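In my numbering, the protein residues as written are 305 to 470.
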């Protein structure tokens with residue numbers, strides 16, 4: 305009988321079953337049955353969407369009289385446009401939109417909410433329009449979003465930087 309009540313770092317659970325997951329004939333990993341079907345569905349869906357994007361880009365290039373060698377670059381351009389921005393004003397605008405959804409407020413109610421934190425409706429609209437976020441807006445935005453000014457500055461600037469209180 306073990307005197308340890310803590311679980312061991314290494315354990316074997318023979319009751320768990322994992323399924324081999326293959327991509328183009330090569331083992332990609334092992335998944336539990338409960339996740340395997342959903343993961344496979346998402347990956348197949350991703351393949352279909354990539355093929356659809358390629359077809360659309362080929363048609364667009366043909367219509368515009370471009371060269372088919374541009375397809376991959378055009379696909380990359382559209383994928384890049386759809387990616388969630390990690391930095392800059394667009395990233396802050398997305399965080400504000402998510403905060404609005406969390407609070408379940410319509411646009412007018414959210415503008416009033418932000419105004420109570422000293423972010424005017426004009427300043428809010430400027431952020432949504434992509435205008436640069438001034439240092440003076442970091443404090444109200446950090447309170448609205450529930451993150452530190454340092455984190456917000458890193459999102460805005462794309463790097464870590466000290467915030468001078470003022």
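All C-beta atoms in this analysis are idealised placements derived from N, C-alpha and C, irrespective of residue type, glycine included.
This structure is a prediction, so every number in the text was calculated from the model and none was measured.
Asked: At which residues does the beta strand (DSSP E) containing residue 333 begin and terminate?; Found: 330-336
Asked: How about residue 287 and residue 347: do their beta carbons lie closer than 9 Å?; Found: This structure cannot speak to residue 287, because the chain is shown only from 305 to 470.
Asked: Give me the Cα-Cα distance between residue 356 and residue 379, rounded to the nearest whole angstrom.; Found: 10 Å
Asked: Once DSSP output is grouped into helix, strand and coil, what is the label at residue 323?; Found: strand
Asked: Output needed for residue 395: all residues of its chain with C-beta closer than 7 Å, excluding positions within five of it in sequence on either side, in chain order.; Found: 389, 459
Asked: Within the same chain, show all residues whose beta-carbon is closer than 6 Å to that of residue 353, passing over the 5 residues directly before and after it, in chain order.; Found: none
Asked: Rounded to the nearest angstrom, what separates residue 441 and residue 386 at their Cα positions?; Found: 27 Å
Asked: Residue 437: buried (16+ other C-beta within 10 angstroms of its C-beta) or exposed?; Found: buried
Asked: Looking at the structure shown, is residue 451 part of a helix, part of a strand, or coil, going by DSSP?; Found: coil
Asked: Quick check: the Cα distance between residue 407 and residue 445, rounded to an integer number of angstroms?; Found: 15 Å
Asked: Which whole runs of the alpha helix (DSSP H) in the segment 405-462 are 4 residues long or more, in chain order?; Found: 411-420, 425-432, 442-449, 453-461
Asked: First and last residue of the alpha helix (DSSP H) that includes residue 384?; Found: 375-386
Asked: Between residue 311 and residue 317, what straight-line distance do the alpha-carbon atoms span, to the nearest angstrom?; Found: 13 Å
Asked: Return the chain-ordered list of same chain residues with a C-beta closer than 6 Å to the C-beta of residue 469, the five sequence neighbours on each side being excluded.; Found: Low local confidence applies: a pLDDT of 40 at residue 469 is under 50, so the model's placement there is unreliable, with the coordinate-based value given in what follows. None.
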